[in-house]
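What follows is one structure encoded as structure tokens, with my remarks underneath.
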Amino acid sequence: MLQIRDILWGFLYIACAVAIQVQVTPTHREISVGESKFFLCEVVGDAKDIDWFAPNGEKILPNNPNIQVSRNDETTSTLTIYHADVDHAGIYKCVAKNGDKEAQATVQVKIFQKITFKNVPSPQEFNEGDDADIVCDVVGSPVPFIIWKHKGARIQANKDVRYNIMENGHLLIRGIKKTDEGSYNCEARVMETGEINFKMINVIVNVLPTIRARQSEVNGTADMGGSILLACDADGYPEPTVTWAHNNVILESGDKYSLTEDGSELVIKDVIKVDEGDYTCIARNKAGEMSQEVSLNVFVQAKITYLNNQTATEFDDEVTLTCEASGDPTPSISWSFQNRMFSEGEQASWTRPDQYESHDGNIVVRSHARVSSLLLKNVDFTYAGEYLCTASNSIGQDNQPVYLEVRYAPKIQGMVAVYTWEGNPANISCGVEAHPGASVTWFRDGLQVPSVNTSNVKIYSTQSSSHLEVSPESQSDFGSYNCTATNVMGTESKEFILIQAEVPSSPEIQRVEPFSSSAAVEFDEPVSFGGVPIIKYRLQWRSDGQDWTGRDYDAAEDTTEFTIGGLTPDTNYEVKMSAINGKGEGESSAVIKFKTGPIRLLFTREPSTPKLEAMVQNQGNALKVNWIMQDDGGSPINHYLVRYKAKHVSDWKPEIRMPRSSEYVVLSGLDWNTEYEVRIVAVNQKGKSEPGILSFRTASEPTTMPGASGSGLSTGAIVGILIVVFFVLLVAVDVTCYFLNKCGVLMCIAINFCGKAGPGAKSKDIEEGKAAFTKDESKEPIVEVRTEEEPTQNQEGVGPTEPNETTPLTEPEPAAADAASPAAPLLSNATNSLAESFTPPKDNPPKSSPSAQSGTVESQTPLVDLSDTPKAVPVSEPVRANGEGPQKQCEAPNRPPTQIDGSTKDPPHSPSRDATTRPQNDGKTKDEVKTEVNNTAAEVKTVPNEAPQTNGNESKA
0 MLQIRDILWG
10 FLYIACAVAI
20 QVQVTPTHRE
30 ISVGESKFFL
40 CEVVGDAKDI
50 DWFAPNGEKI
60 LPNNPNIQVS
70 RNDETTSTLT
80 IYHADVDHAG
90 IYKCVAKNGD
100 KEAQATVQVK
110 IFQKITFKNV
120 PSPQEFNEGD
130 DADIVCDVVG
140 SPVPFIIWKH
150 KGARIQANKD
160 VRYNIMENGH
170 LLIRGIKKTD
180 EGSYNCEARV
190 METGEINFKM
200 INVIVNVLPT
210 IRARQSEVNG
220 TADMGGSILL
230 ACDADGYPEP
240 TVTWAHNNVI
250 LESGDKYSLT
260 EDGSELVIKD
270 VIKVDEGDYT
280 CIARNKAGEM
290 SQEVSLNVFV
300 QAKITYLNNQ
310 TATEFDDEVT
320 LTCEASGDPT
330 PSISWSFQNR
340 MFSEGEQASW
350 TRPDQYESHD
360 GNIVVRSHAR
370 VSSLLLKNVD
380 FTYAGEYLCT
390 ASNSIGQDNQ
400 PVYLEVRYAP
410 KIQGMVAVYT
420 WEGNPANISC
430 GVEAHPGASV
440 TWFRDGLQVP
450 SVNTSNVKIY
460 STQSSSHLEV
470 SPESQSDFGS
480 YNCTATNVMG
490 TESKEFILIQ
500 AEVPSSPEIQ
510 RVEPFSSSAA
520 VEFDEPVSFG
530 GVPIIKYRLQ
540 WRSDGQDWTG
550 RDYDAAEDTT
560 EFTIGGLTPD
570 TNYEVKMSAI
580 NGKGEGESSA
590 VIKFKTGPIR
600 LLFTREPSTP
610 KLEAMVQNQG
620 NALKVNWIMQ
630 DDGGSPINHY
640 LVRYKAKHVS
650 DWKPEIRMPR
660 SSEYVVLSGL
670 DWNTEYEVRI
680 VAVNQKGKSE
690 PGILSFRTAS
700 EPTTMPGASG
710 SGLSTGAIVG
720 ILIVVFFVLL
730 VAVDVTCYFL
740 NKCGVLMCIA
750 INFCGKAGPG
760 AKSKDIEEGK
770 AAFTKDESKE
780 PIVEVRTEEE
790 PTQNQEGVGP
800 TEPNETTPLT
810 EPEPAAADAA
820 SPAAPLLSNA
830 TNSLAESFTP
840 PKDNPPKSSP
850 SAQSGTVESQ
860 TPLVDLSDTP
870 KAVPVSEPVR
880 ANGEGPQKQC
890 EAPNRPPTQI
900 DGSTKDPPHS
910 PSRDATTRPQ
920 NDGKTKDEVK
930 TEVNNTAAEV
940 KTVPNEAPQT
950 NGNESKA
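The opening residue of the sequence shown carries number 0 in numbering that gives the first Met the number 0; numbering runs sequentially from there.
In structure tokens:
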């Protein structure tokens with residue numbers, strides 16, 4: 000027996016060794032909200048699958064973001080909870096399987112959360128009498144319970160039926176009163192942990208406003224300029240705001256209404272009839288609003304209060320228009336249509352129902368109290384339009400229109416015959432009257448036009464007409480065209496005929512009234528216009544043996560006379576005329592002969608008044624005024640005088656004088672949208688004619704220039720461009736002045752700021768030296784003697800050829816320029832050389848000048864020093880040859896220099912000159928100096944002596 004038991008225990012041991020065992024570490028865990036924890040599931044035995052299951056029994060999948068499961072190896076698996084939430088609490092199960100063998104283990108997870116107030120608004124407002132639900136939402140784990148306190152005492156819901164602590168922790172106060180207002184304490188407690196927290200909530204109880212009107216009904220009179228006061232008083236908590244409304248429109252302070260600061264008083268200004276009615280005084284606060292009606296009665300003049308527009312169909316038996324009016328006293332009502340009164344004094348009395356009936360019986364007026372009706376029988380489409388209802392009483396009257404709409408089939412209107420010619424588009428207009436609007440279709444020979452095969456036919460439609468534009472290409476395009484109009488009321492068709500137009504017949508000249516230089520031609524219009532209007536008349540005239548001269552005159556309505564001018568007095572003329580329409584010029588009339596009158600010197604008179612015609616130019620603010628001179632008064636016209644001005648000003652524009660041959664004047668630059676008056680007077684030898692007067696108004700100023708594509712420059716841009724161009728030109732002129740005349744802004748900047756004298760400093764110094772020489776009369780000039788035949792070499796016999804009067808100035812060498820004295824002027828070729836030709840006196844040699852340091856001077860002729868030691872002296876007036884005084888300066892002609900091997904030489908006929916004077920004349924005395932004068936006339940010049948050069952270099956001019 001013992002052996003069998005041992006065997007059984009052995010088999011059991013072997014079975015246990017083969018079974019699977021599962022263990023979860025730790026077996027339970029407490030986690031705070033937001034923490035992350037993991038749990039390890041260990042399996043003893045061979046397990047193929049290890050799975051975790053959530054507290055709800057669902058298998059936890061690997062892709063769960065907050066709770067993740069991972070298989071570590073063959074025997075372990077990990078459950079990780081990230082950022083724990085109260086929803087994660089519960090029992091988690093780990094299950095291991097291997098075929099039909101299964102084992103499991105569990106772990107209990109507890110989530111703890113501190114007391115948190117999620118939604119506890121403060122203050123919380125309620126209307127008096129409402130059931131107040133005081134909100135206090137608290138979360139925690141374990142779930143806390145709520146205690147409410149008010150005024151330091153705990154609220155006992157079981158003792159006061161007005162209070163109830165709801166399952167969600169809210170406090171419900173039934174029928175809350177103003178006395179329930181105050182602070183309430185929402186306290187949360189967790190018994191398991193002893194945690195406690197609270198929030199104070201301020202409860203406000205709003206009281207619905209009460210309102211009362213000071214007067215429930217107010218009377219006023221309209222159109223008297225008075226004001227009416229409407230007032231009401233309101234109470235409530237919070238303090239209510241008071242507004243006023245009329246016809247469901249909230250009234251605000253402005254020109255019509257005035258409200259006090261609290262809104263309790265409304266002042267209606269300038270009361271009129273439409274102000275009458277009920278005004279609502281509304282008091283509003285957080286608890287709600289209350290309103291009170293105040294009635295305003297306004298007694299005013301007659302006012303139409305009701306009109307009804309009507310719609311009828313043509314040929315209906317009758318239609319009625321109704322007009323109702325109000326007013327105090329009660330108004331009377333009358334009707335009118337297209338200036339036709341229907342009552343004509345026979346309007347029925349308002350005290351008893353009666354009627355007025357027209358003579359034809361189709362119009363009947365019935366009136367009763369404040370209502371009048373207009374009955375129209377046998378409705379025709381001409382009945383459609385505006386009818387005027389007039390209500391009147393002793394205070395005044397009121398007129399209001401009422402409209403009758405008549406629906407009728409199309410009715411086609413328009414000229415049946417239309418004239419044109421080949422190549423000229425013509426519009427066949429099919430005017431359609433229909434209501435409702437009709438669609439228009441054109442036919443030609445039963446076929447609708449335009450068709451795909453026609454390119455010379457187009458249709459243009461407007462609301463009331465359709466225009467068929469036909470450009471005839473051949474005779475086949477002329478003929479009949481059918482216009483068919485259709486609407487819901489019916490259809491109507493009409494045939495139109497396109498006829499080939501002709502040139503007009505010739506007009507007939509009835510009479511020619513000649514004057515001395517003009518003639519008035521009276522004529523009759525052509526018998527046939529050719530189907531199209533005449534646009535011009537052409538008058539042609541000539542004198543005996545001369546070619547025809549012509550002029551075209553615009554054809555105006557009822558014009559039967561034209562005037563031709565510029566004729567020669569006392570001369571035979573022939574005149575003929577023709578008419579021109581759109582197709583061309585017709586035949587000329589028969590030639591009429593006449594003779595102009597002679598110039599009446601004894602019996603001349605002033606010209607007749609010119610006839611004026613005006614034509615506004617394309618730009619809109621310019622006008623072309625043409626004039627026709629009929630009678631010159633027996634004397635040719637000398638000129639015309641034109642005056643014009645805006646009518647709203649008194650001053651005339653400057654008078655314009657036009658020559659006798661002119662026939663028009665163009666007045667431009669006029670003000671936009673302004674009325675002008677133009678007066679033109681003809682003047683002959685006798686005097687002035689009476690002025691021809693013309694008035695016209697210019698067009699309104701356009702927003703954009705006509706024809707502009709939007710890319711044009713504005714006025715500001717154009718002005719800016721002009722300013723830039725002017726500035727560039729100014730700079731160019733200043734630079735030119737700087738280099739040529741040594742002046743200008745750049746010259747001032749160079750001298751004052753840069754300390755440079757500029758390229759023209761020498762010339763300026765020469766000018767100053769000349770001025771100084773002129774002022775100092777005690778010093779005598781150096782006399783330069785030049786002969787035309789003998790060239791003079793310099794004293795050393797070597798050196799460069801001296802420049803002549805055409806040789807340009809050159810800058811001095813740097814050393815010489817730095818050491819030059821400011822008082823040493825240089826010579827220029829023309830402006831600073833004072834030369835005089837004279838014959839040397841034989842008996843009166845020039846006096847010697849005081850001694851001074853000698854310098855080098857380049858001149859156009861050799862210099863002869865007549866003094867012992869030359870001294871720099873200012874330029875004085877040239878000395879006459881006879882010694883009598885200064886002479887007028889003579890300018891030597893410019894001779895072009897000849898340049899050879901880089902040096903400048905005089906032309907062959909010009910003698911060479913040496914202007915170099917050595918200091919102290921190289922030791923020579925005055926007596927040793929000789930002046931050679933040829934038998935021909937010697938040329939003597941006076942030049943200022945150069946200031947000495949400190950470095951001994953030559954100064955070149």
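By construction, the Cβ of each residue, glycine as well, lies at the ideal position given by its N, Cα and C atoms.
Short of 7 Å in beta carbon distance, which residues of its chain neighbour residue i, apart from the five on each side in sequence? Order them along the chain.
i    : result
D733 : G743, V744 and L745
I'd like the list of long-range same chain contacts for residue i, defined as Cβ closer than 8 Å, with 5 residues on each side in sequence excluded.
i    : result
S694 : K646, E674, Y675, E676 and V677
S69  : P61, S76, T77 and T79
I976 : Any question about residue 976 goes unanswered here, given that the chain covers just 0 to 956.
In whole angstroms, give me the CA-to-CA distance for residue i and residue j.
i    : j    : result
K652 : K644 : 6 Å
V682 : K623 : 21 Å
R28  : E238 : 59 Å
V641 : A731 : 44 Å
D254 : K268 : 8 Å
D569 : V456 : 58 Å
E507 : K575 : 9 Å
N201 : G174 : 18 Å
Y305 : V401 : 10 Å
I114 : V204 : 29 Å
M223 : D557 : 56 Å
T567 : S660 : 13 Å
R696 : G326 : 46 Å
E586 : E421 : 20 Å
P471 : F477 : 7 Å
V32  : V134 : 24 Å
N637 : Q462 : 57 Å
S257 : V206 : 28 Å
A770 : N751 : Because the pLDDT of A770 is 41, which lies under 50, any placement of that residue in the model is unreliable, and the number read from its coordinates should be weighed accordingly. Roughly 23 Å between the two C-alpha positions.
R339 : L373 : 13 Å
L739 : V727 : 18 Å
Within the same chain, show all residues whose beta-carbon is closer than 6 Å to that of residue i, passing over the 5 residues directly before and after it, in chain order.
i    : result
E34  : A83
T24  : L39
Y81  : S35 and N65
D630 : F514 and S607
V417 : A425, I427 and L497
L483 : As written in the sequence, residue 483 is Thr, which differs from the Leu given in the question. Within the same chain, T483 has close Cβ partners T440 and S492.
K117 : D136 and V138
V370 : E323
Q67  : T79
P690 : R678 and V680
Tell me the DSSP bridge mates of residue i?
i     : result
C280  : W243 and Q291
A1018 : This structure cannot settle anything about residue 1018, because the visible part of the chain is limited to 0 through 956.
N426  : E468
Y162  : I172
N296  : N218
Can you tell me the Cβ-Cβ gap for residue i and residue j, rounded? I've got them flagged as a contact below 8 Å.
i    : j    : result
A971 : A390 : There is simply no residue 971 to check, as the chain begins at 0 and stops at 956 in what is shown.
Y639 : I679 : 6 Å
G287 : N126 : 7 Å
N423 : G530 : That belief does not hold up - the Cβ atoms of N423 and G530 are roughly 11 Å apart, past 8 Å.
E521 : E560 : 5 Å
message = In chain order, what are the residue ranges of uninterrupted beta strand (DSSP E) at least 3 long that sit wholly in the region 428–502?
response = The region 428–502 contains, as complete beta strand (DSSP E) runs of 3+ residues, the segments 438–443, 446–448, 456–460, 464–469, 478–486 and 489–499 (chain order).
inquiry  = In chain order, what are the residue ranges of uninterrupted beta strand (DSSP E) at least 3 long that sit wholly in the region 34–113?
reply    = 36–43, 48–52, 66–70, 75–80 and 89–97
inquiry  = In chain order, what are the residue ranges of uninterrupted beta strand (DSSP E) at least 3 long that sit wholly in the region 511–559?
reply    = 518–523, 533–542 and 548–553
query = Which parts of the region 619–657 are runs of the beta strand (DSSP E), unbroken and 3 residues or longer, counting only runs that do not cross its ends?
reply = 622–627 and 636–645
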